[in-house]
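K.L.:
Residue numbers (this note's numbering), protein chains in the order written: chain X, -1 to 203; chain L, 71 to 709; chain H, 27 to 408.
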């Protein structure tokens, strides 16, 4: 078990209901627990329907069990599967040392899809705001990459790979392979490729 | 969904479990033979975790039609000597209180444990109510776990306690314990011989109030046991400046708050796990050690008044602390707690100026939020048949022109409140509430009431609670329409089986109880429609809304989109033909994106046309059927 | 975005939308049930004798408000579009020819209300291919009228006869898709003719191509009955399934005759009058002035129609009917002609008085955009 640079290490994984961010969180947590860390994985999600925000809070510690909810300005890592939701998390939990991986593909909320409350914000401006409020942000076009791999559903696994690839978590590819296999017994190869692609996308840049 | 088999016999092994899985594991370690529940977020995972291994372990697990039957069935098992568990959300506890008030009088035989999971902030509920007062009200020993380990250990221990005291015992969890995953040290899995037999010599119940007296004696015994329980403990300085008295998830938030404010030398934490009866002597030992006490707990003040009662009985010259908590307003008495709320309370009481992070960062973050954030409300899934149902109901009510409305109920379709259901739903209370209210309104013709009332409920809700209301309508001759929104699933809580699905919690096939058969058995008119067939369903609804002194039922049957999508390809490829789309012009005014408002549809204000978001669209094709210009095109994908 | 609704520069008032249509017309009981506002969008739908608002429309400039015959209507503009002359206020409007007529076809006469002229003309227009279909009204089994598109002789015959209940036939017209090339004839009441006139003057966007309406046959009308209340009243008095004809004989009869099986049940006209739509009191037009040909009863001459030909289109069709011996036409007796003019003039005067009672001011005439000259003429005509 590697020594944590910071204890606790706080990771937020945020997405829109239906994007499957729980899958990423479980993969990562399973690897971490296997390595011997104390992990708390809490969720805030709307009812079992699509469209609302799903927040996964992951606390990693070698000392004690932390609460499922995070205090303000305490996120070390933010994985954002959707741009507005990423900024929403940064607004509450971000600080100048936060590292961020974001999938820059907007998902319109029902509030603006109808056009009544205005438009989806200007994407480039939004992403710049995210850049300036974090120590470093990686943009990973997971949805597009997933489509080229054959199915948008791989986006979550690509992002999991990206998160590992930036090196902020005490995990690597080897640790996560058994977790991937357990979670996707039928589609292991495809998901492993997606995972590796995610790592590639952040180490290349 | 544990990383390991939930019934693995590997004591000392660490598993990564959510609170509900830990509770299930605790029950399995205690050697239960019987589990019965009704789905209810945040409790729903407990039963299926047990059901997954039930056959293997020779135990029985069922989804009952409602919490009443689940509670009673579990009690039946206990009375016949089999350890039993029942689990439910807070609203389920409301439903079982009559039975609870009686089982405490009769007592139990084998261990019987009630697990109640509350939902602070009501994120997935119609309310946020605290179930703990039930324990005090009816006389039930109550524990509350502070983390996932305790969730398991307490559940396991409660079966022993229940068996020793011969009374039902209760565990109260909250969403942040039940749905949070953490490291749990597993215990052993003893094999128990289970033989069911009901002792005919057993006294069914003692005369009142002797039964009550006996109950009080059991509670006194529980208190004695709780005085020595390791679920209650203190950490911190001998004489702190402030003592936090906490229970449940409040404990995790308090620990973190103390750490962040670096108050380990100044603040102590008294954690109570046995909440009723309170371990009075244990608490009194600590109560006078600090001049200030802050209570941290979820939802209602319960621990708080319990401890204050003890303080009232302290000897007159004792150093009574100043009490802070929900009563003093330092913590809100509504909404969920989190580390920040405890941090703020501590900072306020101890006059600490706490600023997380940089002031300049704060300003920049606020500005970015103002410029770039948009709301993201929850909504019905694209392709949801409830949306189609509300659409056709809206059409029918408008054409009928008598200010008719829907009395709503609990399920995914509760989102029919407001714009999502085109404003047709006007009341929502509890399971079956819509049908009950409709019954009453259906009698008000004598007072000049002429508005058609449609009681809308789901298929699972029908079996759960609506049948007695329907019978009442026949018996008392009430004028209303019941629309059963039958998507062949208990969708809201995770697609659990119900009497209409044809299979059980343990995966066995079973006879289907058909909604229409029940209606026909009552001698009432029942129509079966597909809400996607707009003309047919609207005309049937219009017919049914004509006055009759007896209820009429329309079953609006169409499979839940999420279930269908797991099984099949999309039925249609849908796209908008921009040549035909007139968008905001007279003749449309953006019907699809503005009124129908499915997340699969997007309004492009630059081009002035509607668009389909192909990643979100489920291909149901309903929007194509309502587009006034025929601009939305659906092409069948499969034959 | 450019809207393709042209508006004449003479129009004084700003156009409004659905919200104002509701507050200014529906809620004031002014709706004539012409149907011009409905069928062209998802928000206004005709059902059971009502125009229903299904959802809210946010547009503040709508065709619904524009074509409504009870919102501001520039009568001169409509009149110029038809007759190249402003609205003069003449009692029975523009007249090229007026006579009495009846169908030469016995089958048609058997089904007709009076002389069967409308039925004959529609059948002829269809046969000649002058129109592909006629938008008209037929009675359903329970005598609730419904809009109907007839494209054959049998179908037209099924629409013969009336029951004095308003039916929003323009709603059915609006539902023709904009790409449809079908040439249409339409049978309209005076209020519907006025709305249709407004539509012809400012062709609608995103719905039926109004130029396809080649033939407008108007019906004389004194007032219309509200569908649902009258229907309820009737069903208590007669067996609607056995009824095959309604008739209101000319004054001084003061009754409505209902032909039920082999019986005739007579109701006092006062009882029937209570179901008149309020809005009819504000109507100027007895003889459907904005039509190619207008048709009504011939008072005192049973089995014949009074016919007014107004346009060249109407004239051509009438000549054709005469030449094929489909219609018997006779000079209108002078007494009938004068009596018709008197009745029509009275209706105009009464309507203006009723309107001024509401507005309190001779210069404000509710929905009417009229020249002062025309107003004087209509008010003083005795």
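All residues carry an ideal CB built from backbone N, CA and C; glycine is no exception.
(1) Residue 27 of chain X versus chain L: which residues are under 8 Å apart at the beta carbon?
(2) Contact check, residue 185 of chain L vs residue 241 of chain L under 8 Å by CB: the rounded distance?
(3) Could you give the distance in angstroms between the alpha-carbon of residue 46 of chain X and the alpha-carbon of residue 501 of chain L?
(4) Taking C-beta to C-beta, are residue 2 of chain X and residue 60 of chain X nearer than 8 Å?
(5) At least one CB of chain L closer than 8 Å to the CB of residue 232 of chain H: is that the case?
(6) Quick check on the DSSP output: what are the complete alpha helix (DSSP H) runs of length 4 or more inside the region 536 to 561 of chain L, in order along the chain?
(7) Kindly indicate the opening and closing residues of the beta strand (DSSP E) around residue 177 of chain H.
(8) Name the chain H residues whose beta carbon is nearer than 9 Å to that of residue 125 of chain L?
(9) Taking a contact to mean a Cβ-Cβ separation below 8 Å, would you say residue 483 of chain L touches residue 429 of chain L in this structure?
(10) For residue 291 of chain L, tell me which candidate among L/222, L/211, L/122, L/511 has the shortest Cα-Cα distance.
(11) Considering only C-alpha positions, which residue in the set L/117, L/646, L/151, L/227 is nearest to residue 673 of chain L?
(12) CB-CB under 7 Å to residue 135 of chain X, same chain, minus the five flanking residues each way: which ones, in chain order?
(13) Just to confirm, is the Cβ distance from residue 494 of chain L to residue 476 of chain L under 8 Å?
(14) Confirm, please, whether the CB-CB distance from residue 151 of chain H to residue 211 of chain H is below 8 Å.
(15) Quick one: does residue 693 of chain L have its CB under 8 Å from some CB of chain H?
(16) So with CB distances below 7 Å, who are the chain L contacts of residue 61 of chain H?
(17) Which full runs of the alpha helix (DSSP H) of 4+ residues lie inside the region 480 to 518 of chain L, going along the chain?
(18) Compile a chain-ordered list of the residues in the region 646 to 661 of chain L whose CB is closer than 9 Å to at least one CB of chain H.
(19) Specify, as a first and last residue, the run of the beta strand (DSSP E) that residue 245 of chain H falls within.
(20) Do the region 119 to 127 of chain X and the region 161 to 168 of chain X meet, that is, are 3 or more Cβ pairs less than 8 Å apart?
(21) State the beta-bridge partners of residue 294 of chain H as determined by DSSP.
(22) Taking 8 Å as the limit between beta carbons, can you name the residues of its chain near residue 169 of chain L, skipping five residues before and five after?
(23) Which residues in chain L have a C-beta closer than 8 Å to the C-beta of residue 176 of chain X? List them in chain order.
(24) Does chain H have any CB closer than 8 Å to the CB of residue 699 of chain L?
(25) At the 8 Å Cβ level, is residue 89 of chain H part of the contact set with chain L, yes or no?
(26) Quick check on residue 685 of chain L - is its C-beta less than 8 Å from some C-beta in chain X?
(27) Can you list, in chain order, the residues of its chain with a C-beta nearer than 8 Å to that of residue 408 of chain L? Leave out the 5 residues immediately preceding and following it.
(28) Does the beta-carbon of residue 382 of chain L have 16 or more other beta-carbons within 10 angstroms, so that it is buried, or is it exposed?
(29) Would you please state the rounded distance, in angstroms, between the beta carbons of residue 355 of chain H and residue 127 of chain H? I believe it to be under 8 Å.
(30) Residue 89 of chain H by DSSP, collapsed to three states: which one?
(31) Would the region 150 to 169 of chain H and the region 265 to 281 of chain H be scored as touching if the rule is three or more Cβ pairs under 8 Å?
(32) Measure from the C-beta of residue 341 of chain L to each C-beta in chain X and report whether the shortest distance is under 8 Å.
(33) DSSP state of residue 36 of chain X, grouped into three classes?
(34) Please confirm whether residue 676 of chain L has its beta-carbon closer than 8 Å to some beta-carbon of chain H.
(35) Among the residues of its own chain, which have a CB less than 7 Å from the CB of residue 691 of chain L, if the five just before and after it don't count?
(36) Of all the options H/325, H/308, H/216, which has the alpha carbon lying nearest to the alpha carbon of residue 319 of chain H?
P.N.:
Per the coordinate set shown:
(1) Position 29 of the first chain, counted from the first residue, corresponds to residue 27 of chain X. Simply 86, 251.
(2) Working through the second chain from its first residue, we reach residue 185 of chain L at position 115. Working through the second chain from its first residue, we reach residue 241 of chain L at position 171. Between residue 241 of chain L and residue 185 of chain L the Cβ distance is about 5 Å, and since that is below 8 Å, they are a contact.
(3) Locating residue 46 of chain X in the first chain gives position 48, counting from the first residue. Locating residue 501 of chain L in the second chain gives position 431, counting from the first residue. Low per-residue confidence applies at residue 46 of chain X: pLDDT is 46, beneath 50, and the placement is therefore not dependable enough to give any value.
(4) Stepping through the first chain from its first residue, residue 2 of chain X is reached at position 4. Stepping through the first chain from its first residue, residue 60 of chain X is reached at position 62. Yes, they are a contact pair.
(5) The residue given as residue 232 of chain H occupies position 206 in the third chain. Yes, contact with chain L.
(6) Along the region 536 to 561 of chain L, the alpha helix (DSSP H) occurs as fully enclosed runs of 4 or more residues at 537 to 546, listed in sequence order.
(7) Sequence index remark: in the third chain, residue 177 of chain H carries index 151 (1-based). Where residue 177 of chain H is concerned, there is no enclosing beta strand (DSSP E), given that its DSSP letter is neither H nor E.
(8) Numbered from its first residue, the second chain carries residue 125 of chain L at position 55. Here the premise fails: no neighbours, minimum Cβ distance about 52 Å.
(9) To locate residue 483 of chain L, count along the second chain from 1; it is residue 413. To locate residue 429 of chain L, count along the second chain from 1; it is residue 359. Between residue 483 of chain L and residue 429 of chain L, the C-beta spacing is not below 8 Å.
(10) For the purposes of this step, residue 291 of chain L is taken as the residue at position 221 of the second chain. Comparing Cα-Cα distances from residue 291 of chain L to each of L/222, L/211, L/122, L/511, the minimum goes to L/211.
(11) Within the second chain, numbered from 1, the residue matching residue 673 of chain L stands at position 603. Measuring from the Cα of residue 673 of chain L, the nearest candidate turns out to be L/646.
(12) Residue mapping note: residue 135 of chain X aligns to position 137 of the first chain, counting from 1. Taken in chain order, the residues that qualify are 98, 100, 128, 129.
(13) As a working mapping, residue 494 of chain L is identified with position 424 in the second chain. As a working mapping, residue 476 of chain L is identified with position 406 in the second chain. In contact: residue 494 of chain L and residue 476 of chain L (Cβ atoms closer than 8 Å).
(14) Counting from one through the third chain, the residue named residue 211 of chain H turns up at place 185. Counting from one through the third chain, the residue named residue 151 of chain H turns up at place 125. Yes. Within cutoff.
(15) Mapped onto the second chain, residue 693 of chain L falls at position 623. For residue 693 of chain L, the answer is no, since every Cβ of chain H falls outside 8 Å of its Cβ.
(16) Mapped onto the third chain, residue 61 of chain H falls at position 35. What residue 61 of chain H touches in chain L: nothing, since even the nearest Cβ is about 15 Å away.
(17) 503 to 511
(18) The residues in question are 652, 653, 654, 655, 656, 657, 658, 659, 660, 661.
(19) Stepping through the third chain from its first residue, residue 245 of chain H is reached at position 219. Run containing residue 245 of chain H: 239 to 245, per the beta strand (DSSP E) assignment.
(20) no
(21) Taking the third chain and counting its residues from 1, the one referred to as residue 294 of chain H is at position 268. Note: residue 294 of chain H sits in a beta bridge opposite H/281.
(22) Here residue 169 of chain L corresponds to residue number 99 of the second chain, with the count starting at 1. Setting aside the 5 residues that flank it on each side, residue 169 of chain L is surrounded in the same chain by 138, 141, 142, 145, each with a C-beta closer than 8 Å to its C-beta; the list follows chain order.
(23) As a working note, residue 176 of chain X is residue 178 in the first chain. The premise fails here: residue 176 of chain X is roughly 10 Å from chain L at the closest Cβ pair, so nothing lies under 8 Å.
(24) Residue mapping note: residue 699 of chain L aligns to position 629 of the second chain, counting from 1. Interface residue, yes.
(25) Translated into the one-based positions of the third chain, residue 89 of chain H becomes position 63. Output row for residue 89 of chain H: interface = yes.
(26) As a first step, residue 685 of chain L must be located in the second chain, where it is residue number 615. Yes, residue 685 of chain L counts as interfacial toward chain X.
(27) Numbered from 1 along the second chain, position 338 holds the residue referred to as residue 408 of chain L. Excluding sequence neighbours, residue 408 of chain L sits near 323.
(28) Sequence index remark: in the second chain, residue 382 of chain L carries index 312 (1-based). Residue 382 of chain L counts as exposed, since fewer than 16 other C-beta atoms from the protein chains shown sit within 10 angstroms of its C-beta.
(29) Numbered from 1 along the third chain, position 329 holds the residue referred to as residue 355 of chain H. Numbered from 1 along the third chain, position 101 holds the residue referred to as residue 127 of chain H. Contact flag correct, Cβ pair sits at about 4 Å.
(30) Counting from one through the third chain, the residue named residue 89 of chain H turns up at place 63. Looking at residue 89 of chain H - three-state DSSP - the assignment turns out to be helix.
(31) The answer is yes - the region 265 to 281 of chain H touches the region 150 to 169 of chain H, with three or more Cβ pairs under 8 Å.
(32) In the second chain, counting from the first residue as 1, residue 341 of chain L sits at position 271. Cβ-Cβ to chain X under 8 Å: no for residue 341 of chain L.
(33) One-based indexing of the first chain puts residue 36 of chain X at position 38. Three-state DSSP puts residue 36 of chain X in a strand.
(34) The residue given as residue 676 of chain L occupies position 606 in the second chain. Residue 676 of chain L does not count as touching chain H.
(35) Mapped onto the second chain, residue 691 of chain L falls at position 621. Only residues of its own chain outside the window of five on either side were considered, and among them 641, 642, 644, 704 have a CB closer than 7 Å to the CB of residue 691 of chain L, listed in chain order.
(36) Counting from one through the third chain, the residue named residue 319 of chain H turns up at place 293. Cα-wise, what sits closest to residue 319 of chain H is H/216.
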